[in-house]
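Accompanying notes for the structure given below.
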Amino acid sequence: MKFIDIKFLLSVHKLTQLPEATLPEIAFAGRSNVGKSSLINTLVGRKSMVKVSGRPGKTQGLNFFQISEEAYLVDLPGYGFAKVSRGMQDNWQTLISSYLESRTSLCCVVVIMDLRHEAKVQDTQLISWLKQHSINYLPVYTKADKLSGNLRQKNAAILDAGHTIHSSQRILFSAKTGMGKEELERALASFAKI
Ligand code: GDP
4 MKFIDIKFLL SVHKLTQLPE ATLPEIAFAG RSNVGKSSLI NTLVGRKSMV
54 KVSGRPGKTQ GLNFFQISEE AYLVDLPGYG FAKVSRGMQD NWQTLISSYL
104 ESRTSLCCVV VIMDLRHEAK VQDTQLISWL KQHSINYLPV YTKADKLSGN
154 LRQKNAAILD AGHTIHSSQR ILFSAKTGMG KEELERALAS FAKI
């Protein structure tokens, strides 16, 4: 499955604005600046379908993209940006968790992490929350081009251990080189059964 023929559908700020749950849905989550927009742009083969962040932590909704008549991709707001007020973070969390918990057509949450960083508490929390709620998730370690081969494997193993992820479960990715793109396409097509 190639993630082409994509169009922006809408930005959701309240659950009542959600489109009808008629297509399989894949959501993308990650800390601000982790490389989420770049990953989605790489996946859909467009340079700037999703705006690469100039202003991390900017308030945004759940951005829905439609892939032909086959699936929705949902770009969730980035989390963990210190300059966003606590109240605003809570609002986001409520919207996102209610969406994730209630969306019947959601087939996978791609959890994007920076391969260079140690396990971050927000990612650990999100992953255990997804596990608790029996929501499928796919860990992706991005910016892999920034590390050499040996260090890549070493850091990946540290993140695996930190999040209790089996190495066969996750994907090493680079928006710069396209590393992991085909693997990601295959995994998502399999979750979405498309
Ligand atoms: P977002 O805030 O999670 O959407 O992150 P962005 O996609 O806006 O990326 C944040 C910064 O990391 C930008 O400067 C990107 O160019 C850079 N970046 C993202 N992915 C990669 C990658 O795979 N490799 C490299 N070298 N840089 C990346």
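Numbering-wise (this note's numbering), the sequence shown opens with residue 4 and increments by one. Ideal placement from N, C-alpha and C gives every residue a C-beta, glycine not left out. Please read these numbers as outputs of a predicted model, since none were measured by experiment.
Asked, Found
"Indicate the three-state DSSP secondary structure (helix, strand or coil) for arginine 49 in the structure shown.", "coil"
"Find out if the Cβ-Cβ distance for the pair valine 113, alanine 32 is shorter than 8 Å.", "yes"
"Look at the Cβ atom of tyrosine 75, then the Cβ atom of tryptophan 95, and state whether they are nearer than 8 Å.", "no"
"Since I believe arginine 173 is in contact with leucine 118 (beta carbons under 8 Å), could you give me their beta-carbon distance rounded to a whole number of angstroms?", "That belief does not hold up - the Cβ atoms of leucine 118 and arginine 173 are roughly 10 Å apart, past 8 Å."
"Could you check if phenylalanine 11 is buried or exposed, using at least 16 other CB atoms within 10 Å of its CB as the buried criterion?", "exposed"
"Using 8 Å as the Cβ pair cut-off and three pairs as the minimum, do the stretch 45 to 53 and the stretch 173 to 190 touch?", "yes"
"Which residue from Gly165, Pro80, Thr107 puts its Cα closest to that of serine 35?", "Pro80"
"To which residues of the same chain is glutamate 104 closer than 7 Å at the C-beta, ignoring the five residues directly before and after it?", "His136"
"With 16 other CB atoms within 10 Å as the buried threshold, where does aspartate 78 fall?", "buried"
"How long is the line joining the alpha carbons of glutamine 128 and serine 171, rounded to whole angstroms?", "21 Å"
"Below 8 Å on the Cβ atoms is my guess for threonine 145 versus valine 37; work out the distance and round it to an integer in Å.", "7 Å"
"Give the single residue among Leu191, Gly181, Ala164 whose Cα lies nearest to the Cα of lysine 123.", "Ala164"
"With 16 other CB atoms within 10 Å as the buried threshold, where does lysine 39 fall?", "buried"
"Check each candidate in Glu23, Asp126, Lys196, Asn66 and name the one with the smallest Cα separation from leucine 98.", "Asn66"
"Can you name, in chain order, every residue of its own chain whose Cβ lies under 6 Å from the Cβ of asparagine 158, other than the five neighbours on each side?", "Leu118"
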